[in-house]
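Take the sequence shown: its letter number 307 is residue 294 in our numbering, and every next letter is one higher.
For each residue, glycine too, the CB sits at the ideal point set by N, CA and C.
Written below as structure tokens is the structure these notes are about.
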Amino acid sequence: MDIDPELSVVVPMYDEEAVLPMFFERMHPLLDSLGLPYELLVVDDGSRDSTAALLLEAAKDWPQLRVIRLLRNSGHQAAQSAGFRSARGQYVVTIDADLQDPPETIAEFLHVMRERDLDVVYGVRSDRSSDSWPKRTTARLYYRLMCRLVGKQIPFDAGDFRMVSRRVVDAVNALPEDGRVFRLVIPWLGFPSAEVTYIRAERAAGSTKYNLTKMTRLAFDSVTAFSAAPLRLATWLGLLGGLMSALFVVGALVIKLTGRGVPGWTSTVLAVSVIGAIQLLCLGLLGEYVARLFQSSQRRPQFLVGYDSLEDQKRAEPVATR
């Protein structure tokens, strides 16, 4: 008879065939040693390589390995959402497959959560020397901006490596919003939490799937989903533009009265350039919010599950007869 797991480890994956053997080598004995029922819930985010085939092959000899395949690549946060919707454990851990976040820290997460009766334990990086200088710099700017916009409850240098309780999972799944950013949503809920520090390693194999475009998109989603500050920025920029226009008018009058320069050229060019730039920036900020409203009104699912190995297991189980 199938026993519901006490621990669910959610792992979003996209084109991770190179790192899978090392990931299994470290994760399998670790989870077995914890001494509690568990499931390793891998969400294949529409991989194009042999990731799915390797996962299904490994699941034949690893009953606790559960494979969920999304119909298309939906993004890292969407894959986490799929994992949260499907996880059955009382404790849920999210971790990436690249082994930069050490799986061995899961045992410490579990110990801290049980000992202090918490709902969230964040993995916080104590050393980012494995990251490049541009990535460290942009990450620092991102967390400072989020702390300013969302609040001081955002743990600095905490990514998506964390453990949460069933209460948190149910609360996140109940949120009506689409395109949620987990590293902001979970702190915003306000459940009792703690931090566990660890040293972030270099990627074990393969290449990062979080390029500059995806990181920029994450930053935009984080800001527009949690704060109306950009809209207020547009208002202040509009006021600034009006003030600068008034100054340009004064400058144009001074030039006209003194007879210096080409009449009207300087003030016209400067006024058009500055006001035009401010208007385009404000339109861009407004467009981000309108786009989110448009996407929300469509009510399209954030992800679609194409396959769940747990359903195959249930169909394969013999039906009890009297």
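Note the first and the last residue of the continuous beta strand (DSSP E) segment covering Glu323. For residue 323 there is no data in the structure shown, the boundaries of the chain being -12 and 309.
Integer-rounded CB distance, given that Gly70 should sit under 8 Å from Val(-3): 3 Å
So is Pro(-8) buried or exposed if we call it buried at 16+ other beta carbons inside 10 Å? buried
Express the C-alpha separation of Ser68 and Asp295 in angstroms, rounding to a whole number. Annotation: Asp295 to Ser68 spans about 15 Å, alpha carbon to alpha carbon.
Excluding the 5 residues flanking Leu227 on each side, which residues of the same chain have their C-beta closer than 8 Å to its C-beta? Ile265
Of the choices Asp85, Ala94, Ser61, Leu7, whose alpha-carbon is the least far from that of Val79? Ala94
Compare the C-alpha of Pro311 against each of Asp104, Arg103, Ala192 and name the closest. Residue 311 cannot be examined here, being either before or after the span of the chain that is shown, -12 to 309.
Should Gly146 be labelled buried (16 or more other beta-carbon atoms within 10 Å of its own) or exposed? buried
Asp104 in three-state terms, based on DSSP: The answer is coil: DSSP assigns Asp104 none of H, G, I, E or B.
For Asp145, which beta-bridge partners are listed by DSSP? One point to set straight first is that residue 145 is Ala, not Asp, in the sequence displayed. Answer is Val111.
For the segment 21 to 30 against the segment 100 to 112, are there 3 or more C-beta pairs whose distance is under 8 Å? no
Using three-state DSSP, classify Asp88 as helix, strand or coil. coil
N- and C-terminal bounds of the alpha helix (DSSP H) containing Leu57: Looking at the DSSP string, Leu57 is not in any alpha helix (DSSP H); the run it does join, the beta strand (DSSP E), is 52 to 57.
Burial state of Val259, where buried means 16 or more other Cβ atoms lie within 10 Å: exposed
Do Phe148 and Asp88 have their beta-carbon atoms positioned less than 8 Å apart in this structure? yes
Are the segment 170 to 189 and the segment 106 to 114 touching, with three or more C-beta to C-beta distances below 8 Å? yes
Using a 10 Å radius around the Cβ and a threshold of 16 neighbouring Cβ atoms, would you call Val241 buried or exposed? So Val241 counts as exposed.
Closest to Ile141 by CA distance: which of Trp49, Thr255, Val111, Lys47 is it? For Ile141, the closest of Trp49, Thr255, Val111, Lys47 by C-alpha to C-alpha distance is Val111.
Under 8 Å between C-beta atoms of Ala74 and Ser152: In terms of Cβ geometry, Ala74 and Ser152 do not form a close pair [threshold 8 Å].
Starting from the Cα of Pro134, find the closest Cα among Pro174, Leu97, Ser113, Met150 and give me that residue. Checking the sequence shown, residue 134 turns out to be Cys, not Pro. Among Pro174, Leu97, Ser113, Met150, the Cα nearest to that of Cys134 belongs to Pro174.
Buried versus exposed call for His98 [16 or more other C-beta atoms within 10 Å across all chains shown]: exposed
I'd like the span of the alpha helix (DSSP H) that includes Ser34, first residue to last. Taken as a continuous stretch (DSSP letters only), Ser34 belongs to no alpha helix (DSSP H), as it is neither H nor E.
Buried/exposed call for Asp83, threshold 16 Cβ in 10 Å: buried
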